[in-house]
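S.K.: First the structure, which I've put down as structure tokens, then a few questions once you've had a look.
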Amino acid sequence: MDLFYPVAPLTVIGNSLCPPGGGHNFAEAAHEGCALIVGPYVGHFHRMISLVEEAADPKESPIIQALPETLPQRVVDALLDLPHLRIQGTSWVWGCSESVL
């Protein structure tokens, strides 16, 4: 995956859209600056989401919430607004992913 994230502007976090969910570790994607689409079932990754949102400009959060029925529109909206969604300066994500797992 480390080959794809540098060129991927947007990452949908799998296993987070439908119950029971649990999400997946998105530290690599965030570290490379990808905007993230997550569902409501992120499990213990909610702490990482909070840390990324706290570090981001409130008007330009790189975390996009979606439900299965809203996912297609969220992807389209995110792709149209990518310059504002890229995560900036996220080298700290590696350390925080270890501390919240």
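Heads up: the sequence shown begins at 2 in our numbering, then just goes up one per residue. A virtual CB, placed ideally from N, CA and C, is assigned to each residue, including glycine.
Go to residue 65, then tell me how far its beta strand (DSSP E) extends in each direction, as first and last residue.
M.R.: Its beta strand (DSSP E) spans residues 64-66.
S.K.: For residue 83, which residues of its own chain have a beta-carbon under 6 Å away from its beta-carbon, when the five flanking residues on both sides are left out?
M.R.: Closer than 6 Å at Cβ, skipping near neighbours: 10.
S.K.: Within 8 Å, do at least three Cβ pairs link the stretch 18-28 to the stretch 42-50?
M.R.: At 8 Å Cβ cutoff, the stretches touch.
S.K.: When DSSP labels each residue in this structure, what does residue 82 get in the three-state scheme?
M.R.: In this structure, residue 82 counts as coil in the three-state DSSP scheme.
S.K.: Should residue 46 go down as buried or exposed, given a rule of 16 or more other Cβ atoms within 10 Å for buried?
M.R.: Classification of residue 46: buried, given that the 10 Å Cβ count is 16 or more.
S.K.: When you compare only the Cα positions, how much space is there between residue 74 and residue 38?
M.R.: Approximately 11 Å, taken between the alpha carbons.
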